[in-house]
Amino acid sequence: MRVLHVIPSLGPQRGGPSYILPLLARSLQQSGVAVEIATTDDDGSERLSVPPGYPVLFEGVTTHFFSRQAHFYTFSLPLAAWLWTHIAAYDLVHIHALFSFAALPAALGAQRRNVPYIVRPLGTLNHYGREQRRPQLKRVSYRFIEHPILEHAAAIHYTSEQERAEAADLRLSRPSAVIPLGIDLSSFDALPSPESFLTRHPELRSRPTVLFLSRIDPKKGLDLLLPAFADAAPSDAALVIAGRGNEEYTAALRRQSADLGITDRITWTGHLSGEQKLAAFAAATVFVLPSYSENFGIAAVEALAAGTPTIVSTGVAVASDIRSHDAGVVVGPNTTDLAEGLRRLLSSESLRAGVSRRGRDLARDNFSMQTAAERTRDLYRGILSGGGLTA
Numbered sequence: 210m211r212v213l214h215v216i217p218s219l220g221p222q223r224g225g226p227s228y229i230l231p232l233l234a235r236s237l238q239q240s241g242v243a244v245e246i247a248t249t250d251d252d253g254s255e256r257l258s259v260p261p262g263y264p265v266l267f268e269g270v271t272t273h274f275f276s277r278q279a280h281f282y283t284f285s286l287p288l289a290a291w292l293w294t295h296i297a298a299y300d301l302v303h304i305h306a307l308f309s310f311a312a313l314p315a316a317l318g319a320q321r322r323n324v325p326y327i328v329r330p331l332g333t334l335n336h337y338g339r340e341q342r343r344p345q346l347k348r349v350s351y352r353f354i355e356h357p358i359l360e361h362a363a364a365i366h367y368t369s370e371q372e373r374a375e376a377a378d379l380r381l382s383r384p385s386a387v388i389p390l391g392i393d394l395s396s397f398d399a400l401p402s403p404e405s406f407l408t409r410h411p412e413l414r415s416r417p418t419v420l421f422l423s424r425i426d427p428k429k430g431l432d433l434l435l436p437a438f439a440d441a442a443p444s445d446a447a448l449v450i451a452g453r454g455n456e457e458y459t460a461a462l463r464r465q466s467a468d469l470g471i472t473d474r475i476t477w478t479g480h481l482s483g484e485q486k487l488a489a490f491a492a493a494t495v496f497v498l499p500s501y502s503e504n505f506g507i508a509a510v511e512a513l514a515a516g517t518p519t520i521v522s523t524g525v526a527v528a529s530d531i532r533s534h535d536a537g538v539v540v541g542p543n544t545t546d547l548a549e550g551l552r553r554l555l556s557s558e559s560l561r562a563g564v565s566r567r568g569r570d571l572a573r574d575n576f577s578m579q580t581a582a583e584r585t586r587d588l589y590r591g592i593l594s595g596g597g598l599t600a
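Pasting the structure below:
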């Protein structure tokens, strides 16, 4: 079985989907699926240092990178041309995008060559994504581009029941499967000492630390977290904002923090990965993901696996799992509820210990990458055998 994954970007500035796909692809390879990836050299406002047009081994997976001609919709004619001529070499195509250029040539090329394809919408069909980001343009684009792509798909891959429920009002006729994403749990079996993180940020030593670790984007709810932290966190507490994003929006957040009088209590680390990310989880007293909308919530699952006491908003799709397993604190996406959640968790060591233990258990039982890969492989087999969905 040869499967081609198509995604607009694997750049770290693009957040969770770009981070997770190589992990999923490697796990699929270990489960017996031959996998390749087609993408662009996009990394948000920057470019990846990769040879365009040549297959390379990227994080253990054969990957074809192509030059991006325009930032808008991550437009790439070389990617389209390659897909048009090479897509017939694959048994199935898995598209990780909507409202992005890559989805269109992937879907049209697959239709032309009678190759079945799956679409993972990446949360773009959620109410927030449809209503808050270029809503008029998206309505037009959905009618003429995304809806036909979805209606010709062999299946739609959602990563949570919440994501599927929010897309229900679109009345799509195609079958769907809910397969939660997974993480490489082996990285969290023995966390590094927090010392390497604290050595870089000595201002955090011996202080309660609230960690936000995700892409800096309006949907992530940082505009809620800043006033909640100012209101609820003890005066010696620090807020760590780990991530990168739009410079204009980041500047607006810095102005907001100055207005709230908490500038000197915030550490901006930029993007963290590898050991530094793990050490940040180890150093944190509490992790917070207060998003207005998340079709899954990779950073929250990583925090659970690290045993970092976790607060998420109801907009994060894994919130229902966290609530049902009492594995963290779930709050409404508003400043009042978020402040109350911070007070509860920062003031109670016993509560933190309990949710830490149950969070680890939840991550290991429900969100392993091996399980995600096996269920995805079974979905592929069901489609290719003509036996319907098995996920």
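According to our numbering, the stretch in the sequence shown is residues 210 to 600, in order.
Cβ atoms here follow ideal geometry from the backbone N, Cα and C, with glycine treated the same way.
Predicted model, so just to flag it, every value in this text is computed and none were measured.
CB contact flag (residue i, residue j, <9 Å)
{"i": "Gly563", "j": "Pro542", "result": "no"}
{"i": "Ile475", "j": "Gly454", "result": "no"}
{"i": "Gly568", "j": "Leu513", "result": "yes"}
{"i": "Val527", "j": "Ser369", "result": "yes"}
{"i": "Ala446", "j": "Leu588", "result": "no"}
{"i": "Thr312", "j": "Val328", "result": "In the sequence as presented, Thr is not what sits at residue 312; that position holds Ala. In contact: Ala312 and Val328 (Cβ atoms closer than 9 Å)."}
{"i": "Leu422", "j": "Phe438", "result": "no"}
{"i": "Ser236", "j": "Gly430", "result": "no"}
{"i": "Ile531", "j": "Ala364", "result": "no"}
{"i": "Ile471", "j": "Val495", "result": "no"}
{"i": "Glu245", "j": "Tyr326", "result": "no"}
{"i": "Gly332", "j": "Ser502", "result": "yes"}
Buried versus exposed call for residue i [16 or more other C-beta atoms within 10 Å across all chains shown]
{"i": "Val638", "result": "Because the chain here runs from 210 to 600, residue 638 falls outside it and cannot be looked at."}
{"i": "Tyr263", "result": "exposed"}
{"i": "Arg211", "result": "exposed"}
{"i": "His336", "result": "exposed"}
{"i": "Gly241", "result": "exposed"}
{"i": "Pro443", "result": "exposed"}
{"i": "His214", "result": "buried"}
{"i": "Leu379", "result": "exposed"}
{"i": "Val414", "result": "Before going further, note that residue 414 is Arg rather than Val in the sequence given. It counts as exposed."}
{"i": "Pro260", "result": "exposed"}
{"i": "Glu360", "result": "exposed"}
{"i": "Thr294", "result": "exposed"}
{"i": "Gln371", "result": "buried"}
Cross-strand partners of residue i (DSSP beta bridge)
{"i": "Trp477", "result": "Ile450"}
{"i": "Val328", "result": "Ile304 and Ile365"}
{"i": "Ala386", "result": "His366"}
{"i": "Ala243", "result": "Arg211"}
{"i": "Phe421", "result": "Ile450"}
{"i": "Val497", "result": "Ile520"}
{"i": "Glu503", "result": "Val525"}
{"i": "Ile358", "result": "Looking at the DSSP assignment, Ile358 forms no beta bridge with any residue, so it has no partner."}
{"i": "Ile216", "result": "Answer is none; Ile216 lacks a bridge partner."}
When the options are compared against residue i, the one with the closest alpha-carbon
{"i": "Asp252", "options": "Ala243, Leu407 and Tyr282", "result": "Tyr282"}
{"i": "Val302", "options": "Asp535, Ala243 and Leu286", "result": "Ala243"}
{"i": "Leu233", "options": "Asp393, Ser502 and Ser482", "result": "Asp393"}
{"i": "Ser402", "options": "Asp300, Ser396 and Ala491", "result": "Ala491"}
{"i": "Trp291", "options": "Gln278, His273, His280 and Asp300", "result": "His273"}
{"i": "Ser559", "options": "Gly537, Asp546, Ala572 and Asp574", "result": "Gly537"}
{"i": "Pro436", "options": "Gly452, Leu219, Ser466 and Ile358", "result": "Ser466"}
{"i": "Arg277", "options": "Leu593, Val349, Thr249 and Gly479", "result": "Thr249"}
{"i": "Arg342", "options": "Ala376, Pro427 and Ala279", "result": "Pro427"}
{"i": "Leu257", "options": "Pro226, Gly269 and Gln222", "result": "Gln222"}
{"i": "Arg553", "options": "Gly516, Ser594 and Val419", "result": "Val419"}
{"i": "Thr544", "options": "Ala515, His534, Arg463 and Leu434", "result": "Leu434"}
{"i": "Arg348", "options": "Ala247, Arg561 and Phe308", "result": "Phe308"}
{"i": "Ala399", "options": "Ala515, Leu498 and Glu583", "result": "Ala515"}
{"i": "Phe310", "options": "Ser254, Leu286, Ile296 and Ala376", "result": "Leu286"}
{"i": "Gly483", "options": "Ser405, Ile354 and Tyr458", "result": "Ser405"}
{"i": "Phe408", "options": "Val539, Ala548, Ser557 and Ala489", "result": "Note on identity: in this sequence residue 408 is Thr, with Phe being the wrong assignment. Of the candidates Val539, Ala548, Ser557 and Ala489, the one whose C-alpha sits nearest the C-alpha of Thr408 is Ala489."}
{"i": "Glu583", "options": "Asp530, Pro389 and Asp468", "result": "Pro389"}
{"i": "Glu576", "options": "Val510, Gly318 and Ser557", "result": "First, the amino acid is wrong: residue 576 is Phe here, not Glu. That would be Val510, whose Cα lies nearest to the Cα of Phe576."}
{"i": "Ser218", "options": "Glu268, Phe275, Thr271 and Pro260", "result": "Phe275"}
{"i": "Gly220", "options": "Ala548, Ala247 and Ile354", "result": "Ala247"}
{"i": "His280", "options": "Ala493, His305, Leu551 and Ser254", "result": "Ser254"}
Short CB-CB distance (under 9 Å) between residue i and chain D
{"i": "Ala290", "result": "Any reference to chain D falls outside this structure, which holds one protein chain only."}
*asked:* In chain order, what are the residue ranges of uninterrupted beta strand (DSSP E) at least 3 long that sit wholly in the region 248-279?
replied: Counting only runs of 3 or more, we get 264-267 and 270-275.
*What are the complete beta strand (DSSP E) segments, minimum 3 residues, inside the region 505-547?*
Whole beta strand (DSSP E) segments, 3+ residues: 519-522 and 538-540.
*What residue ranges within the region 565-600 form continuous alpha helix (DSSP H) runs of no fewer than 4 residues, ordered along the chain?*
Taking only runs of at least 4 residues, the alpha helix (DSSP H) segments lying wholly in the region 565-600 are 578-594.
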